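As they're listed, the protein sequences go chains A and B. Residues 1 to 267 in my numbering are what the first sequence spells out, letter by letter. Residues 1001 to 1262 in my numbering are what the second sequence spells out, letter by letter. Positions of the beta carbon are idealized from the N, C-alpha and C atoms, including for glycine. The model shown is predicted, which means the values in this text are computed figures rather than measured ones.
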Amino acid sequence: MSSVTIYVRLVRLQVRSQLQYTANFLMSILATFLFTSLDLATILVIFSNVRTLGGWTAQQVLLLYGAAASSYALADMLLGSLDRLPQLIREGNFDSMLFRPRSPFFQLLASDFMLSRSGRLIQSIIVVIVICTVYIHIAWTAGAILILMAAVISGAVILGSVWVAGACISFWIEGASEFVNTFSSGALFVTQYPINIYAQWLQIAVTFILPIGFVIFMPASYLLHKAPIFDMPSVLRLFSPLVAILAAAAATALWRLSIRHYRSAGG
Amino acid sequence: MRRYLELSIRGYRRYSSYRSAVIAGLFTNLVFGALRTAIMYAVFAHSQQVGGYSLKQAVMYVWLAQGLMTIVQMYGNPEFAMRVRTGAIAIELTRPIDTQGAAYATDLGRASYYTIFRGVIPVAVGVLAFSLPLPSTANWLEFAVSLWLAATVSFMLLFAYSLSAFWLLDYRGVTLVAVILMNLLSGFVIPVNFFPSWLRTVAMWTPFPSTIQTPVNIFTGDLVGAAALRALAAQALWALVFLLLGRVLFDLGRRHLVIQGG
Chain A
1 MSSVTIYVRL VRLQVRSQLQ YTANFLMSIL ATFLFTSLDL ATILVIFSNV
51 RTLGGWTAQQ VLLLYGAAAS SYALADMLLG SLDRLPQLIR EGNFDSMLFR
101 PRSPFFQLLA SDFMLSRSGR LIQSIIVVIV ICTVYIHIAW TAGAILILMA
151 AVISGAVILG SVWVAGACIS FWIEGASEFV NTFSSGALFV TQYPINIYAQ
201 WLQIAVTFIL PIGFVIFMPA SYLLHKAPIF DMPSVLRLFS PLVAILAAAA
251 ATALWRLSIR HYRSAGG
Chain B
1001 MRRYLELSIR GYRRYSSYRS AVIAGLFTNL VFGALRTAIM YAVFAHSQQV
1051 GGYSLKQAVM YVWLAQGLMT IVQMYGNPEF AMRVRTGAIA IELTRPIDTQ
1101 GAAYATDLGR ASYYTIFRGV IPVAVGVLAF SLPLPSTANW LEFAVSLWLA
1151 ATVSFMLLFA YSLSAFWLLD YRGVTLVAVI LMNLLSGFVI PVNFFPSWLR
1201 TVAMWTPFPS TIQTPVNIFT GDLVGAAALR ALAAQALWAL VFLLLGRVLF
1251 DLGRRHLVIQ GG
């Protein structure tokens, strides 16, 4: 059996066991849903004071928020287990994954799959749908819908690649997990607002170095006919899928390199 | 009194032994302080005043909130609820010291440690990086009292809702609701002054603004004189309400408690 087949089976097992405690499961979905809504509340409160933020209206920022949060939620559902890596390494439990003749990466991902993380996905998709259908005046042609969906999926891949790269740090430096968390939650925060409100150096960093600017912001600014940042060619903003592929390739290479470098903590 | 002081010192020492956690936490404070500052600059792009704040006051707000968040335990602390849940509370009950008082003394030690190492540094960075004005000397005393009361309100509140573990098998639901309400209504994610008036009224009738909004407003000089004293009185009142609620719940819980095993 391939790693992916085993991954699917392990995930199915986890989901089944989590569904045994129905009330608990529903509570955790609701909890994730509510906690995620704090970000939404923040944006709504901001727009009760101002009409535009960095030239974006409330509805436009909410589209950005909803789509970016969807990307984050997708990545979180698949890669959420990465958070456990530092602990697994510290306790020496990562070694047992290396012994088994299947990809340690997929074993890790399957180790802590939580269906309740879908609470975030449900919340953000609701925001996107409500905003797109009720408030935003974009001609929802097939092309526009395709761009948005490609953006959400590419966004998830880009964020996921950044997390994998972050998780790799724990193979090299012990106790770096907190820094890694800051990168993932910071990345979510950055992507929820128009990037042109940030300082120039940060705009450069999130466009060319850690390309989280391509998580929704670039394609969304194209769809909403905004002027491109750095005067880049307008259509370049639709290259999120290409950026995603490059990011994923870089993250894969880094992961392989880090695993090879890894020396067990224990005995 | 000596015993409580000793507990405070232990509380302080306990947190001071995790130095790398403090550095990582500070890093998080700085990153989010910088990002939230950028949002404030964008909010003030077209207006001089938002929610009664100037840009400098709003940026000061961001950095103070970063500094206060660990002092008032913005994301809760499962420690006491866990003690009830695991039955370790039985040992507390055998000790010849008031449980709530002992926990409060220990927590003040923790809060003092965080005030020095997680509070002062983010605020100093914000002040230096964005050349923010510091309050006049008169405000410092009021701010110090307000800070102590903020830590007290948040502890008394946390203690009271943690006691739900006496009755509920899973106390996490209550904790989570409390944490979400605290994040929003304390003014941590966005100042209460920015709220639409209905939400502001709702917030003002809850204890949450006493933990962030009040100390910040006193520091930034938004609350002075009689208004500042009224705000301090409100903080003290909330502290007292939850102190008493905590005592009543603890008494009820203690009678309800059955510890298994010998």
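Does chain A have any CB closer than 8 angstroms to the CB of residue i?
i: Y1015 (chain B); result: no
i: F1194 (chain B); result: yes
i: G1025 (chain B); result: yes
i: V1050 (chain B); result: yes
i: G1173 (chain B); result: yes
i: N1077 (chain B); result: no
i: H1256 (chain B); result: no
i: A1081 (chain B); result: no
i: N1183 (chain B); result: yes
i: L1176 (chain B); result: yes
i: D1107 (chain B); result: no
i: V1125 (chain B); result: no
i: T1028 (chain B); result: yes
i: I1190 (chain B); result: yes
i: L1031 (chain B); result: Note that residue 1031 (chain B) corresponds to Val in the displayed sequence, not to Leu. Chain A contact via Cβ: present.
i: A989 (chain B); result: Limits of chain B in this structure are 1001 at one end and 1262 at the other, which puts residue 989 (chain B) out of reach.
So is residue i in contact with chain B if we call contact Cβ pairs under 8 angstroms?
i: F191 (chain A); result: Reading off the sequence shown, one finds Thr at residue 191 (chain A), where the question assumed Phe. False, the Cβ-Cβ gap to chain B never drops below 8 angstroms.
i: G267 (chain A); result: Its pLDDT being 45, under 50, G267 (chain A) is placed unreliably in this model, and the value from its coordinates should be taken loosely. By this cut-off, G267 (chain A) is not an interface position.
i: I46 (chain A); result: yes
i: A73 (chain A); result: no
i: V206 (chain A); result: no
i: Y198 (chain A); result: yes
i: M27 (chain A); result: yes
i: E91 (chain A); result: no
i: F214 (chain A); result: no
i: G166 (chain A); result: no
i: A41 (chain A); result: yes
i: V61 (chain A); result: no
i: L146 (chain A); result: no
i: V128 (chain A); result: no
i: G80 (chain A); result: no
i: G119 (chain A); result: no
i: L53 (chain A); result: yes
Looking at residue i: is its Cβ nearer than 8 angstroms to the Cβ of residue j?
i: R1014 (chain B); j: T1070 (chain B); result: no
i: M1156 (chain B); j: F1242 (chain B); result: yes
i: A1236 (chain B); j: L1149 (chain B); result: yes
i: Y1053 (chain B); j: Y1061 (chain B); result: yes
i: L74 (chain A); j: A144 (chain A); result: no
i: W1238 (chain B); j: S1197 (chain B); result: no
i: P219 (chain A); j: A139 (chain A); result: no
i: S1146 (chain B); j: P1207 (chain B); result: no
i: I43 (chain A); j: Y65 (chain A); result: yes
i: I1039 (chain B); j: Y72 (chain A); result: no
i: L148 (chain A); j: I212 (chain A); result: no
i: S1186 (chain B); j: Q1073 (chain B); result: no
i: F1159 (chain B); j: L1257 (chain B); result: no
i: Y1018 (chain B); j: R1110 (chain B); result: no
i: V162 (chain A); j: W255 (chain A); result: no
Taking residue i and residue j to be in contact with their CB atoms under 8 angstroms, please state how far apart those CB atoms are, rounded to whole angstroms.
i: S240 (chain A); j: F208 (chain A); result: 14 angstroms between Cβ atoms; not a contact.
i: C168 (chain A); j: S103 (chain A); result: Going by Cβ atoms, the distance from C168 (chain A) to S103 (chain A) rounds to 15 angstroms, so no, they are not a contact pair.
i: W1063 (chain B); j: G1033 (chain B); result: 5 angstroms
i: Y1004 (chain B); j: A1151 (chain B); result: Not a contact, Cβ separation roughly 15 angstroms.
i: V45 (chain A); j: F1195 (chain B); result: 6 angstroms
Say the cut is 7 angstroms; is the CB of residue i nearer than that to a heavy atom of the ligand HEM?
i: S264 (chain A); result: Within the structure as shown, the ligand HEM is missing, as the structure has no ligands at all.
Considering residue i, what are the terminal residues of the alpha helix (DSSP H) in which it resides?
i: E1092 (chain B); result: 1089 to 1094
i: R9 (chain A); result: 3 to 20
i: S1162 (chain B); result: 1137 to 1162
i: I1218 (chain B); result: 1213 to 1219
i: D65 (chain A); result: Residue identity differs from the one stated: residue 65 (chain A) is Tyr in this sequence, not Asp. It spans 58 to 79 - the alpha helix (DSSP H) in which Y65 (chain A) sits, taken as one unbroken run.
i: P268 (chain A); result: The displayed coordinates of chain A run from 1 to 267. Any statement about residue 268 (chain A) would go beyond what the structure contains.
i: M114 (chain A); result: M114 (chain A) -> no alpha helix (DSSP H), and no H or E assigned at all.
i: E1006 (chain B); result: 1002 to 1016
i: V1022 (chain B); result: 1019 to 1043
i: M273 (chain A); result: Here chain A covers residues 1 to 267 and nothing more, so residue 273 (chain A) does not appear.
i: S240 (chain A); result: 240 to 261
i: S264 (chain A); result: Element bounds for S264 (chain A): n/a, residue is neither H nor E.
i: L1240 (chain B); result: 1225 to 1256
i: I1180 (chain B); result: 1172 to 1185
i: A1203 (chain B); result: 1197 to 1204
By the criterion of Cβ-Cβ separation under 8 angstroms, what are the contact partners of residue i in chain D?
i: D1170 (chain B); result: Chain labels in this structure do not include chain D; the protein chains are A and B.
Quiz prompt | Whole alpha helix (DSSP H) elements within the segment 134 to 222 of chain A, 4-residue minimum | solution = Counting only runs of 4 or more, we get 142 to 172, 177 to 191, 200 to 204.
Practice problem: Please go through the segment 1049 to 1127 of chain B and give each complete alpha helix (DSSP H) segment of 4 or more residues, from N-terminal end onward. | Solution: 1055 to 1068, 1079 to 1086, 1089 to 1094, 1099 to 1114
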